[in-house]
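For the sequence shown, the residue numbers in my numbering are 30 to 177. Even for Gly, the Cβ is constructed at its ideal location relative to N, Cα and C. All figures in this text were calculated on a predicted structure; none of them were measured in a lab.
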Amino acid sequence: MEKISKETCHPNDVPVIFIYNHQDEIIGKLSINEWKAQKKAAQLLNELEIKLYREAINYYTSNDFDKAEDILLFLILQTDYTHYEYVERLANLYRRNQRHSKEKDILLKARKNMLTFEATEGIIRRIDKRLLRHETSDHTASHSYLLQ
């Protein structure tokens, strides 16, 4: 007869958090310790994003647009065009430097990626409004020679 050994586990190592998919099916379990580790990693990443965004704003205000553009592009790619503050700041930078095609491209990419989320209706309206303004300014600029 084999003796069953009872190993005492720490209560935080026992899986108690269930991970669900979109069909409300359980796809995994997490222990409290695993959850805390994931939360801490996400928090550190969030802090890094905030520091980088502040640095980009500092470069932007000191008219060092190349460095601001590099940081903002990095942040936008990290967030897959879904963090509108980054997109809007970079679009403003492009508009300020008369790079209208780049401004339009980044707004269209952000709009496309935000359509996958349900709670971004207001942001999509802001992007559409900005794109419409962009189109009207392009139309006016292309016909400005007629006014002269």
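Under a 10 Å Cβ-count criterion, Ala139 is classified as buried, with 16 or more other Cβ atoms of the shown protein chains found around its own Cβ. Less than 9 Å separates the beta-carbon of Ile135 from that of Ile105.
Proximity of the segment 85-100 to the segment 49-69 falls short of the contact definition, fewer than three beta-carbon pairs being nearer than 8 Å. If you draw a straight line from the Cα of Ile56 to the Cα of Ile46, it is about 11 Å long. Rounded to whole angstroms, the gap between the alpha carbons of Phe103 and Glu54 is 35 Å. In terms of Cα proximity to Glu114, the closest of Gln127, Ile156, Lys96, Arg162 is Ile156.
Taking 9 Å as the cut-off, the beta carbon of His112 is found no closer than this to the beta carbon of Lys133. Lys80 and Arg118 have their C-alpha atoms roughly 15 Å apart. Burial state of Tyr49 is exposed, judged by a 10 Å Cβ sphere holding fewer than 16 other Cβ atoms. Residue environment analysis places Glu98 among the buried positions, since at least 16 neighbouring C-beta atoms fall within 10 angstroms of its C-beta. Taking the Cα of Leu161 as reference, the smallest distance to any Cα among His129, Gln72, Glu78 is reached at His129.
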